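Numbering (the working numbering), first residue to last: 1383 to 1806.
Down below is the structure, laid out as structure tokens.
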């Protein structure tokens, strides 16, 4: 038994998780809904990932804040948030353009008895106010990620100010708290490594259950919708992202090899937050500094949704085709603005995809019942949308890290020139 375990541990993560996915597809196709007996294995995997996400975000952000000075964090935030907004807006335009070419909704009719209840969409003000938790422990228990990020930053900066206090006693307490956070972070990553050993079994359970329940009947009836979604994500991931990486002189092929584990995990779990532990590990492999990765990736998993933006773009044209509604240029501009805010503002909210799509449909004057018509193929499209979301997060982190390294090199160059001048 020990030899079998050692053999299993030595195999690459990609090989194990790919094997789990392929076996899941085969089992799902052969046994159909009976494959649902494997669902508990997938549920356990998702529960384990969700279990580790909150402490991982909380502890890594606290440590990250204390490994950087506030000036650096302000500069990193000033770079990453414009990146999120611009790439999300472009992804939404791309989704609209692809869907206009493919015309996915032509020939489909909305069921007359469609009855689909969409969760209430929070207002922009509510989203901002809900970032600040009224009950810290409740936010941690509920997994309110934006609140957890806010709490981690507040605690991290407080510890940093304690460590830089003029009082010796206060400095000692600050160092003690930082050591505690670093120890907790190390424990969290050790637990994560154990969870990743179980990942292939969990992936097998998720895939077998999903394929067994959905089958390919819905895919055939909505094939153009799925094809448009895949095409939009493909352009974003294999043309737009590489161009961004090339612009900042990041080796593209090696970069995608380094982050492949995160991409595969995102594909099979359909969860940006659930993939976050693997995303952080992939960023380290891609040689992105912990200072940048630990700050940008937890935030990106919550607010940066390039794949979701493509989803909204394709979805709104799909709905317009079904009802025979011609979208004007002014409506498209409004959809782009609303969809960008919806992709960012509803991230991390339960039913985020449904809420965001409903917001966009309302902006365009389309019936939100069509959101329910697309839900049948979410098991297929969510895979590529989430993969695009996670890839966009790591690309953003790589771009900011490259920029930060250039800034650091420039500062060192100035110091050298100054030293040489003073010597002369």
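Note that the Cβ used here is the ideal one computed from N, Cα and C, for glycine as well.
Predicted model only: the values in this text are computed from it and were never measured.
Separation of residue j from residue i, as counted between CA atoms
| i | j | result |
| --- | --- | --- |
| residue 1445 | residue 1431 | 21 Å |
| residue 1640 | residue 1663 | 10 Å |
| residue 1367 | residue 1606 | With the chain represented from 1383 up to 1806, any question about residue 1367 goes unanswered, as that position is not in the structure. |
| residue 1774 | residue 1481 | 21 Å |
| residue 1716 | residue 1692 | 15 Å |
| residue 1479 | residue 1718 | 12 Å |
| residue 1569 | residue 1669 | 22 Å |
| residue 1471 | residue 1412 | 41 Å |
| residue 1534 | residue 1681 | 11 Å |
| residue 1633 | residue 1553 | 42 Å |
| residue 1459 | residue 1685 | 13 Å |
| residue 1518 | residue 1524 | 10 Å |
| residue 1473 | residue 1549 | 51 Å |
| residue 1687 | residue 1551 | 44 Å |
| residue 1386 | residue 1408 | 24 Å |
| residue 1746 | residue 1712 | 10 Å |
| residue 1720 | residue 1389 | 51 Å |
| residue 1739 | residue 1393 | 41 Å |
| residue 1772 | residue 1425 | 21 Å |
| residue 1511 | residue 1571 | 31 Å |
| residue 1622 | residue 1469 | 9 Å |
| residue 1648 | residue 1457 | 29 Å |
Other residues of its chain near residue i: CB distance less than 7 Å, five sequence neighbours each side excluded
| i | result |
| --- | --- |
| residue 1530 | 1436, 1439, 1440, 1521 and 1522 |
| residue 1748 | 1698, 1701, 1702, 1705 and 1707 |
| residue 1665 | 1675, 1679, 1776 and 1779 |
| residue 1497 | Low local confidence applies: a pLDDT of 45 at residue 1497 is under 50, so the model's placement there is unreliable, and no value is given. |
| residue 1626 | 1777 and 1781 |
| residue 1326 | Past the boundaries of the shown model lies residue 1326; the chain is included only from 1383 to 1806, so the question cannot be answered. |
Close beta carbons around residue i, own chain, < 6 Å, minus the five adjacent residues each side
| i | result |
| --- | --- |
| residue 1787 | none |
| residue 1465 | 1778 |
| residue 1410 | 1417, 1590, 1593 and 1594 |
| residue 1442 | 1567 and 1676 |
| residue 1537 | 1444 |
| residue 1565 | none |
| residue 1574 | 1434 and 1659 |
| residue 1406 | 1586, 1589 and 1590 |
| residue 1709 | 1702 |
| residue 1613 | 1480 |
| residue 1484 | 1606 and 1610 |
| residue 1667 | 1640 |
Burial state of residue i (16 or more Cβ within 10 Å)
| i | result |
| --- | --- |
| residue 1429 | exposed |
| residue 1526 | buried |
| residue 1636 | exposed |
| residue 1643 | buried |
| residue 1561 | exposed |
| residue 1462 | buried |
| residue 1499 | The pLDDT assigned to residue 1499 is 46, lower than 50, so where the model puts this residue is not dependable, and the model offers no usable value. |
| residue 1494 | Note on residue 1494: pLDDT 47, under 50, position unreliable in the model; the coordinate value appears next. The residue is exposed, with fewer than 16 neighbouring Cβ atoms inside 10 Å. |
| residue 1618 | buried |
| residue 1414 | exposed |
| residue 1477 | buried |
| residue 1638 | buried |
| residue 1487 | buried |
| residue 1628 | exposed |
| residue 1654 | buried |
| residue 1420 | buried |
| residue 1714 | buried |
| residue 1752 | buried |
| residue 1620 | exposed |
Assumed close pair residue i, residue j - CB separation to whole angstroms, cut-off 8 Å
| i | j | result |
| --- | --- | --- |
| residue 1587 | residue 1423 | 3 Å |
| residue 1764 | residue 1449 | Actually they do not touch by this definition, with Cβ atoms about 34 Å apart. |
| residue 1611 | residue 1696 | 5 Å |
| residue 1398 | residue 1582 | 4 Å |
| residue 1395 | residue 1578 | 7 Å |
| residue 1374 | residue 1584 | The question about residue 1374 has no answer here: the residues shown for the chain are numbered 1383 through 1806. |
| residue 1547 | residue 1556 | 7 Å |
| residue 1467 | residue 1657 | Incorrect: roughly 22 Å between the Cβ atoms, too far for contact. |
| residue 1683 | residue 1651 | 12 Å between Cβ atoms; not a contact. |
Beta-carbon proximity list for residue i, same chain, < 8 Å, skipping 5 on both sides
| i | result |
| --- | --- |
| residue 1631 | 1784 |
| residue 1532 | 1513, 1514 and 1515 |
| residue 1615 | 1689, 1692, 1766, 1767, 1769 and 1770 |
| residue 1475 | 1695 and 1718 |
| residue 1559 | 1541 and 1544 |
| residue 1391 | 1579 |
Closer than 9 Å to chain D by CB, residue i
| i | result |
| --- | --- |
| residue 1588 | Here chain D cannot be found, since the structure has a single protein chain. |
Completely contained alpha helix (DSSP H) runs for the segment 1645-1731, where each covers 4 or more residues: 1654-1667, 1672-1685, 1688-1705 and 1711-1727
Every unbroken alpha helix (DSSP H) within the segment 1408-1452, with a cutoff of 4 residues, ordered by chain: 1421-1448
Curious, which full-length alpha helix (DSSP H) runs of at least 4 residues does the segment 1589-1639 contain? 1599-1603, 1605-1617 and 1623-1629
Secondary structure, alpha helix (DSSP H): runs of 4+ residues fully inside the segment 1518-1554: 1518-1524 and 1527-1545
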